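Presented below is the structure to which this report refers.
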Amino acid sequence: MFPVTDAERQAALMYLPPVFYVPTARLNGPDGPEIELRHVDDNEIALMVYTARDRLHRCCGDFQRWAMVPAGNLKELHRRLPFDKILTDVEIPEELRYDLEDLL
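First residue of the sequence shown: 653, per our numbering; consecutive thereafter.
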């Protein structure tokens, strides 16, 4: 496993991609993909976004479901799912990742 380095994260933020990959709990909820929000250390709610699909898999594991969100839709997503901050290309600890049983 190769974590995303700070240098990679900074480079990605300098040249924001047209789409982000966001973790989902389920691919198809009643209103489409169910976007995951995470509680972070300071009691804030964060939207995790990844600048490339390989980074999402590297940081969240092979069994993480995901949805592609155009960068221009983040404001609308925030309106529907209020969050305090966006975290980019952040690694999820192994013990919090999905495994094969979660997909069944």
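We treat Cβ as the ideally placed atom computed from N, Cα and C, and that holds for glycine.
These numbers come from a predicted model, not from an experiment.
When you compare each of the options to residue i by their alpha carbons, which one comes out closest?
i      : options                           : result
Val721 : Glu696, Pro685 and Asp714         : Pro685
Asp736 : Leu748, Ala677, Val671 and Leu689 : Leu689
Asn752 : Arg705, Asp714 and Leu729         : For the sequence presented, residue 752 should be read as Leu rather than Asn. Here the closest residue by C-alpha is Asp714.
Gln716 : Ala659, Glu746, Ala698 and Pro670 : Glu746
Ala698 : Asp683, Arg707, Asp706 and Leu726 : Leu726
Ala663 : Asp693, Ala704 and Val674         : Ala704
Asp683 : Ala719, Leu756 and Val692         : Ala719
Tyr772 : Asp694, Ala677, Arg731 and His730 : Shown here, the chain extends from 653 to 756; a query on residue 772 therefore has no answer.
Residue i bridges to which residues according to DSSP?
i      : result
Arg633 : Residue coverage of the chain in this structure runs from 653 to 756, which leaves residue 633 outside it and unanswerable.
Val671 : Pro722
Leu739 : Met700
Does DSSP classify residue i as helix, strand or coil?
i      : result
Leu689 : strand
Leu729 : helix
Ala698 : strand
Leu755 : helix
Met666 : helix
Met653 : At Met653, the pLDDT of 46 sits below 50, so the modelled position is not reliable; the number obtained from the coordinates is stated separately. In this structure, Met653 counts as coil in the three-state DSSP scheme.
Grab me the residues of residue i's own chain with a C-beta within less than 8 Å of its C-beta, minus the 5 sequence neighbours each way, in chain order.
i      : result
Ala723 : Leu668, Pro669, Pro670, Val671 and Phe672
His709 : Gln716
Tyr732 : Note that residue 732 is Arg in the sequence shown here, rather than Tyr. So no residue of the chain qualifies.
For residue i, which residues from the same chain have a beta carbon less than 7 Å from its beta carbon, with the 5 sequence-adjacent residues on both sides left out?
i      : result
Glu696 : Asp736 and Lys737
Met666 : none
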